Amino acid sequence: MNILLVYPKYPDTFWSFKHALKFISKKAVNPPLGLLTISAMLPKNWHKKLVDLNIETLKNKDILWADYVFISAMNIQAESAKEVIKRCKSFDKDIVAGGPLFTEEPNNFKMVNHLILNEAELTLPDFLNDLELGNPKQLYQSKEFANLTKTPLPDYTLVKTSKYNTLNLQLTRGCPFNCEFCDITALFGHKVRIKTTEQIINELEAIYKTGWRKNVFFVDDNFIGNIKILKNNLLPKIINWMENKNHPFTFSTEASINLSDDDELMELLT
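The numbering of the sequence shown is the working numbering, which starts it at 3 and goes up by one.
So, in structure tokens, the structure goes:
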């Protein structure tokens, strides 16, 4: 089975960083972590190819090669996603789509063969099982939230690292706050779900093995959602790993302002 993983292009907005990236000779900020995780969930004997439209063009030969085209997108990428879908359908390709755009607007994408909504750890396995049985459905969704300790190691082998400013990984989903401008709690809930420290160290190792020696971005919407685990386990283990590897990475993330109330946590993060 040949699987083409396509990440739509960001428009010229805040999200693209298009003009700033020119100064550092990079095409995009970071690779599509969702699709890297999807790749890791697919059968090992399937052939996979990633095309990120923010760093390269989608070629006809790539579409022709594919048995299925998997697309993941955020709402800001809607226009590009629709163009990709239309183009792939012109080649009579079956399309599998997921991510925030399709989860929040499924009725706008009736042309997609299979919608894998909500968190893929819960809905993708059902699709793959039905596909193997020969009767995949058009819609897969779940009201539950995934156990991140079951989330596989992202497939960083697909990444063209020289094109990006950072590589990325995820520690948590969910946020305890309820900011009116943010849809994260609608997507992932208020309960902070967290990967194990072993998972994060394994992901750092995988990034290290690609040859990457620059910034690593934790994509969490609020990295300090579980301060106890950070202080007592994860951050000391990362510090030890970094020392053993001669400090190969710098780190960046997003965190709520209450970080400033905890001097010990700020010290660990520096």
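The C-beta atom is built at its ideal place from N, Cα and C for all residues, glycine as well. Small disclaimer: the values here were computed from a predicted structure and weren't measured.
- Nearest Cα to E146 within the set S164, I57, T125: T125.
- Taking the Cβ atoms as the reference, A122 lies roughly 6 Å from I40, within the contact range of under 8 Å.
- Looking from the CA of L267, the closest CA among N62, L237, M244, D157 belongs to L237.
- Take I186, set aside five residues on each side of it, and the residues of its chain with a beta-carbon closer than 7 Å to its own are C177, D223, in chain order.
- Taking C-beta separations shorter than 8 Å and ignoring five residues to either side along the sequence, the partners of I65 in its chain run L6, V71, R89, C90, F93, K95, following chain order.
- In the three-state reduction of the DSSP assignment, Y12 falls in the coil class.
- Note that the C-beta distance between G101 and T174 is not below 7 Å.
- Assignment of alpha helix (DSSP H) within the stretch 136-192, counting only whole runs of 4 or more residues, yields 186-190 in chain order.
- Leaving aside the five residues that flank P127 on each side, the residues in its chain whose CB is nearer than 8 Å to its CB run, in chain order, M43.
- Taking the Cα of K29 as reference, the smallest distance to any Cα among N47, V53, W48 is reached at V53.
- Taking the Cα positions, N120 is about 29 Å away from N260.
- T272 is classed as exposed because its beta carbon has fewer than 16 other beta carbons within 10 Å across all chains shown.
- DSSP, reduced to helix, strand and coil, places R195 within a strand of the structure shown.
- Under the DSSP definition of a beta bridge, L237 lacks any partner.
- Residue ranges of uninterrupted beta strand (DSSP E) with 3 or more members, entirely inside the stretch 54-128 and ordered along the chain, are 70-74, 96-100, 116-118.
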